[in-house]
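Structure, as structure tokens:
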Amino acid sequence: MSLSVSCTLSAAMVLATVALASAQTPAPTLAIPKALQAEHHDLFESLEAATKAGGKTGEAAKRAMAVLKPHFEKEERFALPQLGALETLTRKGAAVPAGLREDLIRRTDSFRAELDGMLAEHKQISAALKDMREAAAQEKKDDVAELAEMITGHAEMEEQVLYPAALLVGEYARAMSGVTGSTP
Ligand SMILES: [Fe+2]
Ligand SMILES: [Fe+2]
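And the structure:
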């Protein structure tokens with residue numbers, strides 16, 4: 025075998041290996057920002073404690089938990105992981121791998137499909153929290169009444185900031201999809 029044929033074959037093998045490796049490279053995993061994870065955890069734990077408060081307050085907290093738990097799970101699946109890419113996307117001149125962009129676009133499409141349902145869940149949660157706040161006020165359980173306000177504020181912040189930011193991350197990734205190597 026001549027040297028040139030051998031080099032050509034080696035180059036082809038290298039290219040094939042790189043192509044195979046890139047096809048097999050999984051999309052980077054996106055971690056929910058720690059501050060958001062901590063906030064969900066704290067609110068969940070506090071509501072869990074309120075379900076044991078007894079009386080009408082405890083019953084109202086159980087009804088709130090029945091809608092809040094699956095809602096939080098849905099958010100942690102569809103809405104919050106994209107926000108873990110914010111730091112990478114906004115770093116000046118940062119390389120953003122195609123796998124990450126594709127993952128963000130996919131996640132955004134899934135989130136949009138769930139969005140109306142999640143906003144409807146916020147309304148259900150808000151109604152359940154209103155009952156919880158009123159029961160807690162009657163039964164002088166001020167910490168539970170305060171918790172109802174905190175969770176209501178959390179949902180408002182999501183609708184006004186986090187959900188739009190999560191969608192924007194995906195739309196930014198979509199806009200970048202023809203660009204390689206750095207932010208546009
Ligand atoms: Fe949430
Ligand atoms: Fe929410």
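Residues 25 to 208 in this note's numbering are what the sequence shown lists, from first letter to last. Note that beta-carbon positions come from the ideal geometry of N, C-alpha and C, so glycine has one too. From a predicted model like this one, the values you see are computed outputs, not experimental measurements.
Quick one: what's got a C-beta closer than 7 Å to residue i's C-beta in the same chain, skipping five residues either side?
i, result
"residue 88", "71, 149, 152, 153 and 156"
"residue 86", "75"
"residue 169", "157, 160 and 161"
"residue 176", "150 and 153"
"residue 96", "64 and 68"
In the structure shown, what three-state DSSP assignment does residue i receive?
i, result
"residue 53", "coil"
"residue 136", "helix"
"residue 115", "coil"
"residue 75", "coil"
"residue 191", "helix"
"residue 103", "coil"
"residue 120", "coil"
"residue 63", "helix"
"residue 154", "helix"
"residue 180", "helix"
"residue 93", "helix"
"residue 165", "coil"
"residue 70", "helix"
"residue 200", "helix"
Counting only the same chain and skipping the five closest in sequence on each side, list residues whose C-beta sits under 8 Å from that of residue i.
i, result
"residue 83", "159"
"residue 110", "57, 189 and 193"
"residue 186", "60, 103, 104 and 107"
"residue 132", "106, 190, 191, 193, 194, 195, 197 and 198"
Under 6 Å Cβ to Cβ from residue i, same chain only, skipping five residues before and after it: list those, please.
i, result
"residue 19", "Since the first residue shown for the chain is 25 and the last is 208, residue 19 is missing from the structure and cannot be characterised."
"residue 198", "129"
"residue 146", "179"
Between residue i and chain B, is there a C-beta pair that is closer than 8 Å?
i, result
"residue 183", "Note that chain B does not occur in the displayed structure, where there is just one protein chain."
Please write down, chain order preserved, every residue whose beta carbon lies under 6 Å from a heavy atom of ligand 2. 95, 99, 146, 179 and 182
With a threshold of 8 Å, are at least 3 pairs of Cβ atoms found where one atom belongs to the region 112 to 126 and the other to the region 175 to 183? As far as the Cβ criterion goes, the region 112 to 126 does not touch the region 175 to 183, which means the pair count is below three.
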